[in-house]
Amino acid sequence: MEFNRKQKKIINSKPNGPMLIKGENSTGKTTAYVNKIPTLLNNYCINKNDRILIATNSEEHSKFISFVYDNMDSEKYHQNSFFDADNTNKLEISTISSLIQYYFNQYETEHKIKLIEASITECEVQLKKAIEVIKQKYTKEKFDIFDASYTKFIFEEITWIKASGLNSIEEYQNVPRKSRINEITGNKKILRKNSKLRHAIYDIVIEYNNNLNKINKIDLQDKASFALKSATNNKTKAFTHIFIDNSEILTKVELDLLKTIHNQTHYSSITFIFNIGEKPTLNAWISDGKAFSSLGYDMKGKSITLTEHYDHEVNEDYTTKVENYDMIESNTTPQNTDSYLTLNPIEYIDLKRNVSHKFIKDPDALDEIYIKYNGIEEKVVDTINIPVFNEIAAGSPILMNDSIEDNYLLPKEWIRNTKDTFILKVKGDSMINKNIYDGDLVVINKQPFPNVKDIVAVDINGEATLKTYKKIHGQVVLMPENEKYDPIIIEDQEVHFLGVAIGLIKN
């Protein structure tokens with residue numbers, strides 16, 4: 001692919017802290033920054049803990065970026081010598097929601113609590129109660145926001161306050177806020193700085209939070225805030241280079257989370273990809289007129305605007321790939337397809353890319369799997385049969401034999417190394433903080449020498465277990481991902497690494 005001058009500047013520039021890539025749709029922003037990744041892997045992932053994150057707003061967009069990366073014209077990765085560290089697994093493509101979930105789970109584990117998210121109905125009930133209580137404090141002011149027609153308006157304002165990380169009345173009173181339209185009445189409402197009206201709204205926030213707390217519930221914005229707190233105190237998943245796609249739709253808390261998990265070094269980078277002309281979302285921070293300086297970044301001289309429009313080549317290639325992903329057999333009819341709508345989809349998680357896929361297995365036709373596109377299940381043509389062995393312990397090690405119990409069908413495209421791959425069934429709960437539960441199937445790639453933080457299948461004196469591989473003071477330690485279990489320190493045991501987990505089939 002031919003790159004224009006500005007794209008080449010993005011691809012070839014040395015990483016130097018924050019950077020902003022702006023442009024309308026189809027101006028080559030994604031193509032440019034994705035083509036920069038091989039250089040970062042080869043030259044700017046120096047230490048063993050250096051990693052690259054592409055943060056997206058949806059699983060579908062994660063898949064699209066994976067497609068662009070996997071189909072680059074240039075060689076994606078070059079290992080200079082046998083002695084160089086292998087950086088091929090240092091790229092992670094994750095949705096913002098999955099990062100929030102990871103650190104939220106960590107928060108629950110650290111505080112030994114279980115927080116339940118309230119439904120929209122529950123939030124509405126507690127909000128109405130809060131409004132009635134606070135209304136009694138402002139009888140002299142006669143604010144119209146206490147009217148039932150403003151309930152949705154107030155709920156949206158509370159959501160914005162929380163999403164923006166405004167944790168005190170002083171912060172809320174002084175933050176710039178544009179006027180908003182009440183969708184019910186059609187009236188424009190201005191919430192002026194340092195006003196009694198803002199004070200009343202923040203009083204409602206406090207009462208609403210108290211009401212949720214009384215029923216042991218949290219809302220969606222609380223979840224993100226708890227994730228941010230956990231990441232701030234214990235940055236267990238961090239990245240040297242971060243690309244934030246669709247940064248114009250992210251909230252302040254989401255942006256702060258990404259900033260928190262950024263490991264800043266003299267060669268690190270954090271890149272914001274910003275779509276010009278997109279309609280701003282309700283809780284977006286940057287597109288609401290806030291400057292990058294409000295996030296602590298100086299973008300002077302670090303912004304590139306792409307203006308040349310392309311003819312959707314990459315998008316069309318991706319669409320064609322999806323449409324023909326696994327062609328429907330010529331004799332498949334809508335009636336045949338409809339019969340699968342009643343079957344529950346199965347989730348496959350690519351652990352190396354942190355990308356989730358859904359597929360459907362027909363119990364009456366074990367050699368067929370289907371993937372849904374545009375509401376229709378299409379049969380996958382290019383598949384691979386992976387041998388399934390008996391259980392592996394996500395708990396205490398259990399005896400294992402090498403007899404094949406079954407075969408499991410998956411789309412061949414999802415498995416990069418089809419030659420040395422097998423599946424083990426998980427037994428136990430020692431890996432639940434990695435979303436690996438009893439009964440799940442873990443896809444293993446044979447690899448005798450794992451990397452630190454890999455999830456590994458290990459044979460210890462004839463017993464098999466699944467744990468996270470770590471080295472502490474030069475000693476190999478197999479770490480559980482559940483505080484109920486103790487680490488396994490490898491000393492004089494006879495140890496054989498069966499392989500590294502590359503995929504997870506949720507069962």
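Each residue of the sequence shown is one higher than the last, beginning at 1 in full-length UniProt numbering. Positions of the beta carbon are idealized from the N, C-alpha and C atoms, including for glycine.
Taking the C-beta atoms as reference points, residue 359 is found nearer than 7 Å to residue 369. Separation of residue 93 and residue 56 (C-alpha to C-alpha, rounded to the nearest whole angstrom) is 7 Å. Within the same chain, and ignoring the five residues on either side of residue 263 in sequence, the residues whose Cβ sits closer than 6 Å to its Cβ are 238, 240. The beta carbon of residue 34 lies closer than 6 Å to those of 68, 69 in the same chain, with the five residues before and after it left out.
Minimum Cα-Cα distance from residue 109 among the listed residues 207, 387, 236 corresponds to 236. Shown here, residue 469 sits in a strand according to DSSP, grouped into three states. For residue 475, the enclosing beta strand (DSSP E) has its first and last residue at 475 to 479. Judged by beta-carbon spacing, residue 221 lies beyond the 7 Å limit of residue 194, meaning their Cβ atoms are not closer than that value.
The beta carbons of residue 242 and residue 53 sit closer together than 7 Å. Under DSSP, residue 348 forms a beta bridge with 357, 505.
Secondary structure at residue 13: coil, using DSSP grouped into helix, strand and coil. By the CB criterion at 7 Å, residue 9 and residue 274 fall outside the cutoff. A distance below 7 Å separates the beta carbons of residue 304 and residue 6.
Per DSSP, residue 105 has no beta-bridge partner at all. For residue 91, the secondary structure class from DSSP, reduced to helix, strand or coil, is strand.
Within 10 angstroms of the beta-carbon of residue 106 lie 16 or more other beta-carbons, which makes it buried. Excluding the 5 residues flanking it on each side, residue 135 has same chain C-beta neighbours closer than 7 Å at 146, in chain order.
In this structure, DSSP gives residue 61 a helical state, which the three-state scheme calls helix. Its Cα nearest to that of residue 367, the residue 384 stands out among 308, 384, 473. The beta-carbon separation of residue 207 and residue 118, rounded to 15 Å, does not stay under the 8 Å limit for a contact. Between residue 460 and residue 501, the C-beta spacing is not below 7 Å.
Annotated as proximal: residue 255 and residue 295, with beta-carbon spacing under 7 Å. By alpha-carbon distance to residue 48, the top candidate from 426, 37, 452 is 452.
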